[in-house]
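Student: Residue numbers (this note's numbering), protein chains in the order written: chain Z, 1 to 113; chain B, 114 to 228.
Every residue, glycine too, gets a C-beta built ideally from N, C-alpha and C.
Pasting a structure below so you can have a look.
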Amino acid sequence: DAGVTQSPTHLIKTRGQQVTLRCSPKSGHDTVSWYQQALGQGPQFIFQYYEEEERQRGNFPDRFSGHQFPNYSSELNVNALLLGDSALYLCASIITGQSNEQFFGPGTRLTVL
Amino acid sequence: DAKTTQPPSMDCAEGRAANLPCNHSTISGNEYVYWYRQIHSQGPQYIIHGLKNNETNEMASLIITEDRKSSTLILPHATLRDTAVYYCIVRAFPISSGSARQLTFGSGTQLTVLP
């Protein structure tokens, strides 16, 4: 059983560009959350998707948007990239209302130059 | 969710028990204590959680004080592979579909297991 997978592993962009990151949840999981982890800090919650809708959102600007597909996979889009968007972006999945444990993917390392 | 306080770093000798403390003095009655760890360059990994009773699984033990204002994660026989950042998180348990709660991470404790 594959766990949470994310693509790409690494990505380099320049300021002002747009980026799309992808996440496939663990088999059977229906809820996907995205986190941003800057160097030396703990992960910060961006938003969560369930039933193809954004259900919760952290303190991130609307340059950060997402999508969930019928197969529960998800995308994170970031527009107008800033140098400060450089971070490890983590995806986590869970079975809503049933599980104590969120499963995290390995992350996508985004570098903005 | 209640705020947690952890020491920024700790060392432990390989084969000895590692005891990682966490203060959560503002915890409320419906909030659980969760522990995750993050090995360098990997995603966080769930370790254990508890409400008020002590808990044990194959990875660790969780001791919660009677007033629930603090807890200790115990790795009984630390190995080099246990070197990681350990996060203590307080969070209410999800009660219905669509309400899986976010995890609020602090800075965690960098545990270094020494040979």
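1. Return no unless some Cβ of chain Z is closer than 9 Å to the Cβ of His162/B.
2. Would you say Phe143/Z lies against chain B (beta-carbon separation less than 9 Å)?
3. Can you give me the Cβ contacts of Thr225/B inside the same chain, cut-off strictly under 8 Å, excluding the 5 residues immediately before and after it?
4. What is the rounded straight-line gap between the Cα of Gly211/B and the Cα of Thr96/Z?
5. Since Arg204/B contacts Tyr159/B with CB under 8 Å, what's their CB separation in whole angstroms?
6. How about the segment 3-19 of chain Z and the segment 44-52 of chain Z: do they share at least three Cβ pairs that are nearer than 8 Å?
7. What did DSSP end up calling Gly221/B once you bin it into helix, strand or coil?
8. Measure the Cβ-Cβ separation of Thr117/B and Ile202/B and say whether it is below 9 Å.
9. List the endpoints of the continuous beta strand (DSSP E) containing Lys116/B.
10. For Gly66/Z, collect the residues of the same chain with a Cβ closer than 7 Å to its Cβ; drop the 5 residues on either side in sequence, then sort them by chain order.
11. Does the CB of Ser220/B have a neighbour CB from chain Z at under 9 Å?
12. Of all the CB atoms in chain B, is at least one closer than 9 Å to the CB of Phe60/Z?
13. Which residue's Cα is closest to the Cα of Gln68/Z: Leu81/Z, Ala87/Z and Cys91/Z?
14. Determine whether the Cβ of Pro106/Z lies closer than 9 Å to any Cβ atom of chain B.
Tutor: Taking the geometry as given:
1. yes
2. Any property of residue 143/Z remains undetermined from this structure, which presents chain Z solely from 1 to 113.
3. Answer for Thr225/B: Ser122, Met123, Asp124, Cys125 and Thr196, listed in chain order.
4. Note that Gly211/B scores a pLDDT of 46, beneath 50, so its modelled location is shaky; the value from the coordinates is reported in the next line. So the two alpha carbons sit approximately 6 Å from each other.
5. With 8 Å as the limit, Arg204/B and Tyr159/B do not qualify as a contact, their Cβ atoms being about 12 Å apart.
6. The segment 3-19 of chain Z vs the segment 44-52 of chain Z: no contact.
7. coil
8. yes
9. DSSP places Lys116/B outside any beta strand (DSSP E), giving it a letter other than H or E.
10. For Gly66/Z, where only same-chain residues beyond five positions count, the Cβ hits under 7 Å are Trp34, Phe47, Tyr49, Glu54, Ser74, Glu75, Leu76 and Asn77.
11. yes
12. no
13. The candidate whose alpha carbon is nearest that of Gln68/Z is Cys91/Z.
14. yes
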